[in-house]
Every structure is written in C-alpha cells, then in structure tokens.
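Data block below; observations after.
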Amino acid sequence: MSFMPVILWSDALVFLLLAAGISGAWYVRRREHLLLPWRRVAQSATAMVSLAVLSLFFAVGLLDTLHYRVALPEKNGSASVYSPEVLSVFDKLVTPLRTQTEKTYSAPLAVTLHAKESISDAQGRVLRDYPRLRYGGAHLADVSQRDGDVLWRGFKGAMGGLVVGVLIAGITSLLRMQNLDGNNPPQSPLVRGNARTPPLTRGGWEGLAHLKKYIDSNYALIIAFIIIAALIGATASLASVYHVLGTDKVGQDVLYLSLKSIRTGLIIGTVTTLVTLPLALLLGIAAGYLRGWVDDVIQYVYTVLSSIPSVLLIAAAVLMMQVTIDTHPEWFDTAASRADLRLVFLCLILGMTSWTGLCRLLRGETLKLREQEYILAAQAFGVSTLGILARHIVPNVMHIILIALVMDFSALVLAEAVLSYVGVGVDPSMISFGTMINAARLEMGREPMVWWALAAAFGFMLALVLAANLFADAVRDAFDPRLNRSEGTA
Amino acid sequence: MMNNILDVSSLVTQLRNGARIVDDISFSIKAGETFALLGESGCGKSMTALSLLRLLPDGVVNAGGTAQLDGVNLFDLRERDMRNVRGGTAAMIFQEPALSLNPVMTVGQQIAEVLTLHQGLRGAAAQRRSVDLLDQVGIPDAARRMMEYPFQLSGGMKQRVMIAMALAGQPKLLIADEPTTALDVTIQAQVLQLLRDTQAASGMSLLLITHDLGVVAEMAHQVGVMYAGQIVEQASRAQLFARPLHPYTQKLFAALPGAMRRNQPLTAIPGNVPPLGSITQGCRFTPRCDRAWALCSEQTPGWTVLDGGRGVRCHLYQERGARSEDREKTPSPPTPLPQAGEGSSILDPRSSILEVSDLKVHFPIRKGILQRVVGQVKAVDGVSLEIPQGHTLALVGESGCGKTTLGKALLQLIPPTAGSVKFDGHELTGLAARELRTRRAAMQMVFQDPYASLNSKMRVAEVLEEGMAALNIGSNSKARQARLDILLDQVGLERTAKWRYPHEFSGGQRQRIAIARALAVSPRLLICDEPTSALDVSVQAQILNLLKSLQRELNLSYLFITHNLAVVEYIAHEVCVMYLGRIVERGTAEEVLRSPKHPYTRALLSAVPRIDGSGVERIKLEGDLPSPANPPQGCHFAPRCAHAGESCRAGYPPATSHSATHTVQCFLYGPDLN
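These protein sequence lines map, in sequence, to chains A and B. Going by this note's numbering, the first sequence opens with residue 22, and the numbers climb by one from there. Going by this note's numbering, the second sequence opens with residue 8, and the numbers climb by one from there.
What follows is the structure, given as structure tokens:
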C-alpha cells in the first residue's frame, strides 16, 4: 500500500460529531414538529447564504481531517516505511500551494520578494534589487507583464467559475424542484403544497415558468452560490502561478496557511461542545429538577468556576499539559500527533471552563418546566426520575441547547485566536488563525509593512464568524417559541 | 332621545394574508349604556376593541369600515390626535390586572401620568385627584395606597387601580376586555358592582367584552353575540335572555351547566369555532348547527332586523319568516340519564374508597442567613373527607384557599405534613416510593390547562402509554395498542389521533387526551383540578358530558376541584366548601347549594352572576382572602363576616351537624346559640 490512513484524536472526535449530526438530522427529518423550526430556518435567505459559506468552510475542514502518511520508497524488510509527515487529503489537493515555498516574505500576487537583496547577475556584478520569486510569477519573462497577466488569469478563472456555478445551480434547482413536487406527502397537514406534476414532464413553457418561480424564491442563495463559484474560480486560476495572499517569513503561502487554519478553528468550535454539552446538560437539569442539596452543590461549583479568570485557568492547564507532553516524547510517533493531542486538550480545557453559562440557562428552564402539569402527571404515574428527565425535560430544553451551541461556536473560534496569540493556545507548529496572528504581529512594525498575513487571518476569521453568527441568529429566531407562537398552536 | 356615543359600521379587520378576524361588524352604544360583546375565545371580540383604539398587533390591519366616537371619525384621525382619544375619550381595561400595571412605578405615579396627559393636572392637584379616584373605586386608605407598588396589592385591588386609571381621563366610553375573568367570584362581584356604580355616577358608556353569560345578564343593556368574526345576534338583554333567536345563542344557553340539568347531558355544541377565514361561503355556524339546511352552506345569511330593534344573522328569520315559524321549535330536551349513585343518596360510609382525616400540608417559611424556619404557610390545615365509590365530591373555594395543594397531597405529589390518606383501606402517607408506585394506578389526576398538561414533544400514543409502561399495565406493546384504541373510543377521539402530536388538537380535544391518559391505568378515583376552567362554554359542556358518562360506565369516583358553582351544581353529589385551608361546610350538593349555612358559602353563592336574573339577595364580601401564612385569629372568616361576634374572634368554631350529611363550622349554629 502506498499510504497509511492516520486517525488522530481530533479526527476521531470530528467523525463522532459528524455521525451524531447526521443521525440527529435523520431523526429530525421523520418528525414533523421537530422539522418545523428548521423549515423556518430554510425560509430565511440570510440563513441559507451564511449556511452556504459555512459549508464551504466545513468542506475544507473535513478534507483537512482525512489524514494519511505516504509510503517511502525504501523498505524495511517486507514492511513499508512511512514518511513521518502526516498529510491530509486537502494537502494533496493543493500540493503546489504547500510545496512551492519561497525564501521569505513576498506581497500578494508579487513576482519578487518583499525586500531587496544582493544578487549577482550573469556578469558576476552584485546588485541590490528585489530578487524574482522561485515560483510566484515564474512563467513571466518580465516583471512588467504581471498586471495584465493577473487580470487575464483572474478574469478567465472567474468566468470558468461562473459557468460551473450557473450549471450546478441550474441542475440542482431542477432536481430539487422535481423532488419537492414528487415528494409532496398528502397526509401531512403541515406541508401545504398542492399536488403538481413534475415540471419536466409538462410542456416546455409551463416548465420554464415554473423554474423561474423556483429561482425567484431562492434568488439570494443562487446569486451567492454563483458569486462564490466565481471567486473560487478566480483564486484557483491565480493560485496556480502566484501567491494570491503572499508568503510569510519562511516563504509559506499565506492562502494555504489560512485554509489550513480553518480546520483548527472548526475543531475548537465544535469538539469543545462535546465536553460542554454533557456537563451542562446533566448538571443543569439535575440541579433544576432535583433541587435541594444537589442544586446547592452544582450551583456552588459553577459559581466558583465562573469566578476564576478563565485565561488563568486555561494557561495553567495548558502549561501543565505541555510539560507532560514534553516529558513523554515516546507517546507520539509523529509531530502532528503531538500537536493534535495538545489541540484536543485545549478543547477539553475550554470546555471545562465554558459549560457554566449553558448550565445556568438549563437550570433556569428546568425550574420552570418541573412545575408543568405534564411533569406532575408523570409523577402521578410513578415514572422514575430518570424517565422524566429523559422523556420530558431533555426534549423540551433541546431548543436552548441548539441555540447556545451555534452562538458559542463563533465565540470559541475567537477564543482560540486570542489564546494562541497569548501563547497558551495550540501548539506553535500547528497552523491556526492565532499562530498566524502571533507570527504576523511582529512584522507590523517593519518598513515597508508586512500586512497580508494579518489581513488574511482577519478576513478568513471574519467570514467564518460572521457566517456563523448570522446563521445562529436565524436559528435562534426559528426556535424561539415567543417569536413563533402563532404557528405552534395552529 | 339619547344620542349614540359610539357608532361602528362595517368594521373589517384582517390579517395581512387576507383572513378576516373581524368581518363586517356594525353596532352602536348609547350614552350611559352598556353594550356587551359576547362570544367564545377566538371569535374576534378583543380584536374589535383593539381596532377601535387602533392598537392592533403587528400583522393585523384595519381593512374598512368607520367608527364614530362622540362625533369623531376614529379612523380618519392622525396618530397624534388618536393619542388624545386613547385614555381621554375612550379608556380601556384589560383582562389580567397583574400584567397591565407597571411593576416599577407606584400606583400614584401611574394614575398621575394619565392625569397629566389628559387633564393637565400636575403636582399637588394631581395627587389630590388620584386620592379621589382611588377613593371612588373603593380602595381603603387611598392616601397610603398611592405610594405602594403593584406587587403590594391583591388582584382585585389591581383591577380597581386599573379602573381608577381609566376613569382618570374622564372617558365617555370605557372598553372593558374580560375585566373579571382572572378574578374570583367574590372579587368579580365587587368589581362588577364598582363598574355599575361608576357608570351610574359618571354616565359613561361601557363596551364590555366577555364570554360569561352571567356577567352579561348582570351588566348589559344591549348584547351583541359574536361568532367567528361576525355579530350573529343583537338584542337588548331582556329580549336575548327571554328568547334567544340564533341557533348559536340558543346552544350557548343550553350548554350552561346547572342544577336543573343535573340528570341530563348538556347540549354541547359539536366541534370547535372554525379557524380564521376557513369558511367563506354560507353561514359560519353551519357545520355545528343542527338546524342547518342546504341554503345555509350556500348563501351567507344577511342581517335581519326583527321587531323590537333586535337583529339576527340567520336564514331562519329571513323573508320566509312564515315558513321559519315551524322550524323555530326549541330543540327537544335531551333524554334523562339513568343515574349511577343517585338512587341511594344516603351515603354508606363503609363504601368510601378515599378517606382523608386531618390532613395537613404546611410549607415552612425560611428567613435569614441560616435559613431558619420562622413560620408555616398552612396551605391545607386539617382537612377530612370521604369519597364513596362512584360518587363525585366537589371541592369549592377561591384561588389560594389550598384546594389544588390538597389534590396534590392526596396523590402524594406533595408530602403531607400530618394526617392520613387512606385509599381503599390502605394508608398512603409515609409509603416508600416503590410501595407507593403499586398504588398509583388507582388514583389519577386531570389538570386545568390542557396546553400545559401534555408534553408537546410526544405523540398522543406515547403520552397515553407512559403511565401504562411506568405501572407495568399491559403485557406487551400490542396489548397496550389495543387498550389505546379502546381509550380513544371512550373519550370520543378518532383512533388515528394517536399518531399525531398534541399541537394539532384544540383545547377540548387536548383535555380529552388528558382524561384518556389518566384512564389508561384504570384508576378508580380521578382528581379533576379545574378541568374545564380553561375551556369555552360549549367545549366545557362536552367535557362535563364525557366525565359524567365515564362515571356511569366505569363507576369512577371524582374529586372535582373547582371555583365554578354552576359546574358543581351539575356534576357533584356532595360538596365541600374550603376557606383558607380548612373545610367550612360540607354536605350533599342539594343541602349546601340550596340551603347554605355558613356565611362564606352564602356569600359565595350570592356572588355568582345568574343568567335567570333571579337575584339572590347579594351579600357583599369585603376585602380579600387573608394570607395562609398568617391566618386571622379564631374563625378564619371572621374579619370578612357580617355576623361575626366576640366568640368568632376568640377560637375556631367546632363542627355543627344539620343532618346526617350536612355539617358547618360556624358559631352561628353552635349549641350555645340554639
């Protein structure tokens, strides 16, 4: 075998989350009342556009999660020897970005380095000039051709992306329209669609009119999709010969670094919930339902925990862990797995310090729910406490959990950046927004300024967090019973 | 001739999608008169009032019609001028007094705000006027109350303050939206009296919105009956109560429970009020009307004016009046029911399935850093009662008297402080959870609010199965499914209902599901905690009929907790009247309701608005229910009692028997007085 799949700890946790997400979606799909709020989310244009952006980030993150090690040509007896470097499918896809490193800083789309160096020319004279890059714009004979070439390549790529985007949008629209029409369940009272024949089987004009109606109703999503497609096209076309976002101190492509950072941010934002959720849910509803000393103890714990400055707590825990990792190098067969363990522990520590807010919310909601008459009815049947918690309390606080999770996601992504900047975040060898910012901050004072690394981290994080926040807002609105009272009791 | 204060014509209010909430309503109110809008929930009464004041919520728009208030067309006014009308010419009071006062402003400040806006009074003048107003609405010690915050006032007092605020602008029209629905009967009687008195003194007109025929009978001069957004009948009170014309009005009267109907099922109106805009053609009552014929569903009936100035929207009374004469027969009275326990009204105490003696539920009041117990809220304080098999015991009392706590304590949902609860000869208090579980099946509860009592995340089948699973009833899921079908048949729901979620059902249907859930474990005693108070009259009749027929079929016993005396008259065999945690009078329904002995029972009975107008002499009850944390010395009722003497304040009266079943705890009947 020419490669060996590697499953790091964080990969396993991501797969676990993915499985949970898919089975959750499957469960919700078959239950009309659970599906209802998601339908409201689907009706919001903002939500769908931000979801499209988010899923782009998620796609990159997921591709970056499938890790493997390639086999080296030399053999150790019959067993293959694998490279110590752990690569991901994403790395493979963008190999040129990863491998084409320059000497040091270069500006976005530049063909020369950022600073002058002494170069000896063919005649052996030594000149002070900007040396040409090894890869960026290497196909150009002359530096002055750059602007025209950039414009032409950008335009060509954007057009290509546009065509592909329009094609995909058109085909999915047609398919979805077919599906919607075909699957109209007549027995469901909540779906008020009249049974229509699929448009493709009808006359051309009628079908076209129908298609136009569909496109009108999903206008924002389709436009956003096409713009994103064009943007990706342009970037891809340029990235093959230039460093679109420049290079950093050791000549790595900043675009590659930004894309790799996405996985770190996503893992911090999602895997942390694996820790917070059980703690907050279990303790929150236990405190709210059981009251008495259980409530006292749990309240005491989370009050104390939230009084400790969390940065201090995190710093202490991370340093302790770092020492442990450093004293046991034999635990790790690759550098990647060591960095990864530190990432997982960071999630764990962040989780341990951030469950209190959700726990407090859930306790309050449970206090309200336990007085509800259906709980009394269950008590009158002698249903066990666990049964009441599982059947009556948990399903009725699910909307709060969901809202809290999507809202917390963006806060956690930002927290990672801050912690890595302070130096207690992820492993310095791990690419993340925080380490990018940390590395770039020193260069802000250089003359001429090196701004692109910071700008790239800023731009990518803004896009990710803004999309997450907009989506979270839409989810909160869709799940808030106060905003949707009229529908629920119809 | 009196002129009209308010003229509404062809008022239409609709949702943005075109569904009409209020559809072509016209009425007028004369100066000094009360016009009552009567109807069930969801028929557009409140929306009519809000349209008039232009206070419609988002998504609801006024789509036509005119409203002249004191000669001014309300719908042509600019918003700035409209503000002078609101609170000035026309004031409004709302249903829930607790929510309509701002909790962070004193009562005086809130009244002064209105005075400054509409009368231009400030400072000391506003203060004096506020005190006058509070005096006028019968708040004792008005000068001190001015400085208090709403949380320091009781519900009745808050509604009085609301009325004082409304009166502050000296309105010509007062719109009262269900002003007494959230209040107890004795407080309701006080507030209605106050409204009548102020009307007599100030000559203002009153637009009264209510669902209660009794309140209409007491208050209204003119009545408009609303159904699904339309006024279906309009008449003077005398005309309406003497001979209701529209089939809907007739049914509303017939659906009222009462002593006269004891032995027959109530005439329930089948079905529910149709959803907004679902009926566009024909009469909206057709699907529920038993006198409808082909024309009713084809053609929308017009407004027919009859002699005496009354009008009705029904095909029965249009041009073909002559033909309709023979149709206008009163519906044949339903056939009497065979009664279960009625024949043997002498109670056999040995057959009691529930015996409660001296039950006490006290909640400790903790204060201070060390959380020391500084007092006890005596929610239930020494209650004894028995319920025979197949009988109904009604527990009557105002809110806060401890009736619900008693119900929960019987089920051991709240641990009793002292006393014993014996079910079928077995003591329930102090049992371990596991032993208690084996006895749970025999005693179940039906709750007040059908919306809060079903978990909206579970399907009906899961709701019903929960109890069976917890108590191991039915060997396997197949047996349980068969039992579910029987249950749904029993409570009158379709079998397919079990695959649906609670939100797809109306209030009455949800209450049926709640009853089926309790029945699922084959109980012998049902504790019904105000099971019909959240329902409309016509739906209440359906549920009462269901409960009665279930009692007959299954020989169930009921403990019926309620404040609605009409329901008690209809359903109960025996009655216990509860006041501040203790039972003050008990006896058969006949004895307690026909010849009440305790002054509290008498006051309670006289406070109930009666539709026949046969006014029992009204006994005014001053003040509110005292706090159970600090009950008055001696007889708890003494401070509010007109007959209280020295001995009443000294000690709690012993029980006095008037017959084998009728006992009263009052010194008026003590041996020393006889």
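Think of the CB as a built atom: it goes at the ideal place given N, C-alpha and C, for glycine as much as any other residue.
For N462(B), a Cβ of chain A is located within less than 7 Å of the residue's own Cβ.
Residues of chain A whose Cβ lies closer than 8 Å to the Cβ of A459(B) are, in chain order, Q393, E394, Y395. Shortest Cα-Cα distance from R391(A) to any of G309(A), R50(A), S104(A), Q166(A) involves G309(A). In terms of Cβ geometry, T293(A) and G372(A) form a close pair [threshold 7 Å]. A check of alpha carbon separations from P661(B) across S613(B), H605(B), G375(B) identifies H605(B) as the nearest. Apart from the 5 residues on each side of it in sequence, T193(B) sits with its Cβ closer than 7 Å to the Cβ of E405, A610, L611, A614, L628 in its chain, given in chain order. For the region 395 to 425 of chain B, the beta-carbon criterion of a distance under 8 Å to any beta-carbon of chain A is satisfied by K415, L418, L420. Among the bridge pairs identified by DSSP, V390(B) is matched with L366(B).
Taking C-beta separations shorter than 6 Å and ignoring five residues to either side along the sequence, the partners of I590(B) in its chain run V390, C583, following chain order.
Unbroken alpha helix (DSSP H) stretches of 4 residues or longer found wholly inside the region 105 to 161 of chain B: 114 to 126, 130 to 143, 149 to 152, given in chain order.
Within chain B, no C-beta atom comes less than 7 Å from the C-beta of P330(A); the nearest is roughly 28 Å away. Judged by their CB atoms, L140(B) and L174(B) are nearer to each other than the 7 Å cut-off.
Look at A401(A): its C-beta is under 7 Å from a C-beta on chain B. If you draw a straight line from the Cα of M341(A) to the Cα of V445(A), it comes to about 11 Å. Residue environment analysis places K389(A) among the exposed positions, since fewer than 16 neighbouring C-beta atoms fall within 10 angstroms of its C-beta. Counting along the chain, the unbroken alpha helix (DSSP H) around I346(A) starts and ends at 331 to 348. Interface annotation, R444(B): in contact with chain A, CB-CB separation under 7 Å.
Under the Cβ distance rule, H231(A) does not count among the residues neighbouring chain B, no pair being separated by less than 7 Å. If you keep only unbroken beta strand (DSSP E) runs of at least 3 residues inside the region 203 to 239 of chain B, you get 212 to 217, 229 to 234.
Here H413(A) carries a helix assignment [DSSP, helix/strand/coil]. Residue Q455(B) holds the alpha-carbon nearest to the alpha-carbon of A541(B) among Q455(B), P251(B), Y659(B). Proximity to L81(B) across A242(B), L13(B), Q325(B), E592(B) peaks at L13(B), based on C-alpha coordinates. DSSP places E95(A) inside the beta strand (DSSP E), whose first and last residues are 88 to 97. Taking a Cβ-Cβ cut-off of 9 Å, the neighbours of G408(A) in chain B comprise E473, A476, A477, given in sequence order. For L259(B), the closest of S545(B), G630(B), Y586(B) by C-alpha to C-alpha distance is S545(B). If you ignore the 5 residues before and after A66(A), its C-beta comes within less than 6 Å of the C-beta of A241, all in its own chain and listed in chain order. Chain B has no Cβ within less than 7 Å of the Cβ of V315(A). A straight line joining the alpha-carbon of N417(A) with that of K464(B) spans about 7 Å. The beta-carbon distance between L383(A) and I289(A), rounded to whole angstroms, is 23 Å. This is too long to meet the 8 Å contact definition.
Contact note: V404(A) reaches chain B through E473, A477, using a C-beta cutoff of 7 Å and chain order. Taking 7 Å as the threshold, the shortest C-beta distance from Y508(B) to chain A falls below it. The beta carbons of L438(B) and A26(B) sit no closer together than 7 Å. Looking from the CA of L433(A), the closest CA among F454(A), T324(A), F111(A) belongs to F454(A). Annotation: the region 16 to 100 of chain B contains the following complete segments of the beta strand (DSSP E) (minimum length 3 residues), in chain order: 27 to 37, 41 to 45, 67 to 69, 73 to 76, 97 to 100. With at least 16 other beta carbons inside 10 angstroms of its own, T663(B) counts as buried.
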